[in-house]
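Worksheet: the structure to be examined is printed underneath.
In my numbering, the protein residues as written are 23 to 406.
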């Protein structure tokens, strides 16, 4: 009996030991699983920390970039306003946009004085698409659409325009040229040009806002350039006629010849000789030159330019006038000129003229044009 009790006790102890072993193993498995979970959590936290550090680094770099741009932007503005010619300004505007957006493909179109055409003045990275001289009519294509409406064009919003507008844009667009963003250069309601960006890097921040800002700065600078040009002209006016002196002829002619090349527009150059302007009585001679100049100024268009180029000479630069338009121009400007009278009732008398027409797209130089004009015979004599 004692032996049976001992055997039962031993069996009980064995069973208890086995139970404890099983419980210990279960706890060990749970501990291992928990340790594994903790390791995974630690790894996740480390990964999150690395991502957070990388994000913070990017933020720091972005903040530094914005800070650097904020410091540089006034410098860009200063450089743009330092430009003395439209071509120089277009170069500085493009350079500023490249720095602000890292965009490598930029085009700058400037408007002519009449605001009806846009000429390509500067392009970078677009030699395979845009070739000078290139002229766009306001209203044509994406560039002309921006100029006509004064709105910022974005390629991503192209599907939002009406079907009729989209058809017109595509029909009149420059082949192969579709800007990502195009912004008008406008100041005081006057169009000065359009800036276009293509293939803007995905890393660029606020490209639209920066383009709009630079476009506004460029327009204001161009307004200043034009105003300065008018002041320079006004400072060199002939006191008898109120017209620019001969010293302004070659610079103004060079400017108009550039428009001939860039904007595909003809130019007529006319020289008038008022015979009474060379009278020995200089008081009466100046009076007759003043009468002739006042008549011409009253008849000339805003885009026409008159200059006193000699004692008895007045030279007219007539943009957009071709051979076919000369008859109309001469009729409008010269009819009645010889019959004008001074306060003493004396008529202006004989007026001789000669002219030449520079065809659209020509690459004539001012000096050669003046030589060719001087070699021409006077083809008409009015009032003789």
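No residue lacks a Cβ here, since even glycine has one placed at the ideal position from N, Cα and C.
Item	Value
Here's the rule I'm using: 16 or more other beta-carbon atoms within 10 Å means buried, otherwise exposed. How should residue 53 be labelled?	exposed
Would you call the segment 232 to 245 in contact with the segment 106 to 113, where contact means no fewer than 3 C-beta pairs closer than 8 angstroms?	yes
Which word fits residue 345, buried or exposed, when buried means at least 16 other C-beta atoms lie within 10 angstroms of its C-beta?	exposed
Cα separation between residue 197 and residue 151?	8 angstroms
Along the chain, where does the beta strand (DSSP E) that runs through residue 204 open and close?	203 to 209
Taking only three categories from DSSP, how would you classify residue 316?	helix
Residue 236 CB to nearest chain D CB: under 7 angstroms?	Note that chain D does not occur in the displayed structure, where there is just one protein chain.
Roughly how many whole angstroms lie between the Cα atoms of residue 223 and residue 125?	6 angstroms
Might you give, ordered along the chain, the residues of its own chain that have their beta carbon closer than 8 angstroms to the beta carbon of residue 391, omitting 5 neighbours on each side?	275, 279, 291, 378, 380
Decide yes or no for the touch test of the segment 326 to 336 against the segment 358 to 369: beta carbon pairs closer than 8 angstroms, at least 3 of them.	no
Using a threshold of 7 angstroms, state whether the C-beta atoms of residue 168 and residue 216 are closer than that.	yes
What residue does the alpha helix (DSSP H) around residue 376 start on, and which one ends it?	Taken as a continuous stretch (DSSP letters only), residue 376 belongs to no alpha helix (DSSP H), being part of the beta strand (DSSP E) at 373 to 380.
Which runs of the alpha helix (DSSP H) spanning at least 4 residues fall entirely within the segment 160 to 231, listed in chain order?	163 to 171, 185 to 194
Nearest-angstrom Cα distance between residue 317 and residue 281?	27 angstroms
Classify residue 101 as buried or exposed, calling it buried when 16 or more other Cβ atoms lie within 10 Å of its own Cβ.	buried
On a Cα-Cα basis, can you pick out the residue from 237, 116, 297 that is closest to residue 375?	297
Classify residue 32 as buried or exposed, calling it buried when 16 or more other Cβ atoms lie within 10 Å of its own Cβ.	exposed
Enumerate, from N- to C-terminal direction, the unbroken alpha helix (DSSP H) stretches of 4 or more residues contained entirely within the segment 296 to 375.	304 to 321, 348 to 356
Once you ignore the five residues that flank residue 315 on each side, which residues in its own chain have a CB closer than 6 angstroms to its CB?	263, 265
Spatial neighbours of residue 395 within its chain, please: C-beta separation below 8 angstroms, excluding the five flanking residues on both sides.	291, 293, 376, 377, 378
Output needed for residue 174: all residues of its chain with C-beta closer than 8 angstroms, excluding positions within five of it in sequence on either side, in chain order.	168, 203, 204, 205, 206, 230, 233, 234
For residue 144, count neighbouring C-beta atoms within 10 Å of its own C-beta (all shown protein chains included) and say buried if the count is 16 or more, exposed if not.	buried
Once the 5 residues before and after residue 177 are set aside, which same chain residues still bring their CB inside 8 angstroms of it?	200, 201, 202, 203
Quick one: what does DSSP say residue 104 is sitting in, helix, strand or coil?	coil
CA-CA distance, residue 270 and residue 335?	14 angstroms
DSSP on residue 69, reduced to helix/strand/coil?	helix
Taking the DSSP output, what are the residues bridged to residue 247?	The partner list for residue 247 (beta bridge, DSSP) is empty, contrary to what the question assumes.
Within the same chain, show all residues whose beta-carbon is closer than 8 angstroms to that of residue 148, passing over the 5 residues directly before and after it, in chain order.	127, 128, 129, 199, 220
Go ahead and pull the three-state DSSP assignment for residue 54.	helix
Can you check DSSP and say which residues form a bridge with residue 292?	338, 377
Who are residue 115's beta bridge partners in DSSP?	Bridge partners of residue 115: none, in fact.
What number of angstroms, rounded off, separates the C-alpha of residue 51 from the C-alpha of residue 63?	18 angstroms
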